[in-house]
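Okay, structure first, notes after.
Numbering (UniProt numbering), first residue to last: 1 to 176.
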C-alpha cells in the first residue's frame, strides 16, 4: 500500500485515498483501516521514504574511509534516494509537523551523520570545538537548503550538491 501511495502521490501530490487504493489494488476502506486519515497516510509515506533514505545511507558504507569522504557519500546517497520522488518530497516537506515529529523523522538520518562527524572529530579530520549535535543540525539544514535551491530552480542539482559539500567541509573544519 505504501509503495502504491508513493507512486500515486509523487505523480499527483494532492491525490486522494481512493486513487491510492486503486493503485494498491485494495478498497478505500482497506486503506482507511490502516490509515484512518489522509494525514496519517502521508505521515506513513514520509516514514517509508525516510526508511529508504536511511537504507541508501547505510549502503554508502559510512564506516569506511576518511570521515569527509564518508559524509559526502552519506549525503549523496540521501540526495539520490529522496530525489526519486521530487514532487512527493516537496509536498511532504510543506506539511505542518510538530517539533517532536520532525525530530523523530530526522533521528535515523541524524544518527548516521553524527557517527561520521564524531569519527572525524576523533581522528582530527574535523574540528572538535563545536558539538557534534550542532554540526549534525547544520548538516541537515545545509542539505535542506541545497535541496530548496534546486527545487526553486536557482541551482542545478549537481551545483547545489557541490555547494553543500564545500560549505559543509568548511563548517566542519575538514583538513583538505
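Glycine included, C-beta positions come from ideal geometry on N, C-alpha and C.
Since the model is a prediction, treat every value here as computed from it, not as a measurement.
Return helix, strand or coil for residue i, following the three-state DSSP convention.
i           : result
residue 60  : coil
residue 85  : coil
residue 37  : coil
residue 135 : helix
residue 154 : coil
residue 66  : coil
residue 112 : helix
residue 125 : coil
Count the other CB atoms within 10 Å of the CB of residue i; is the residue buried (16 or more) or exposed (fewer)?
i           : result
residue 50  : buried
residue 156 : exposed
residue 139 : buried
residue 132 : buried
residue 141 : exposed
Going by beta-carbon coordinates alone, are residue i and residue j separated by less than 8 Å?
i           : j           : result
residue 53  : residue 6   : no
residue 104 : residue 161 : no
residue 18  : residue 28  : yes
residue 46  : residue 20  : no
residue 120 : residue 68  : yes
residue 10  : residue 87  : yes
residue 174 : residue 75  : no
residue 151 : residue 90  : yes
residue 115 : residue 66  : no
Starting from residue i and walking both ways along the alpha helix (DSSP H), at which residues does that stretch end?
i           : result
residue 171 : 157–171
residue 2   : 2–11
residue 26  : It is not in any alpha helix (DSSP H) - residue 26 carries neither H nor E in the DSSP assignment.
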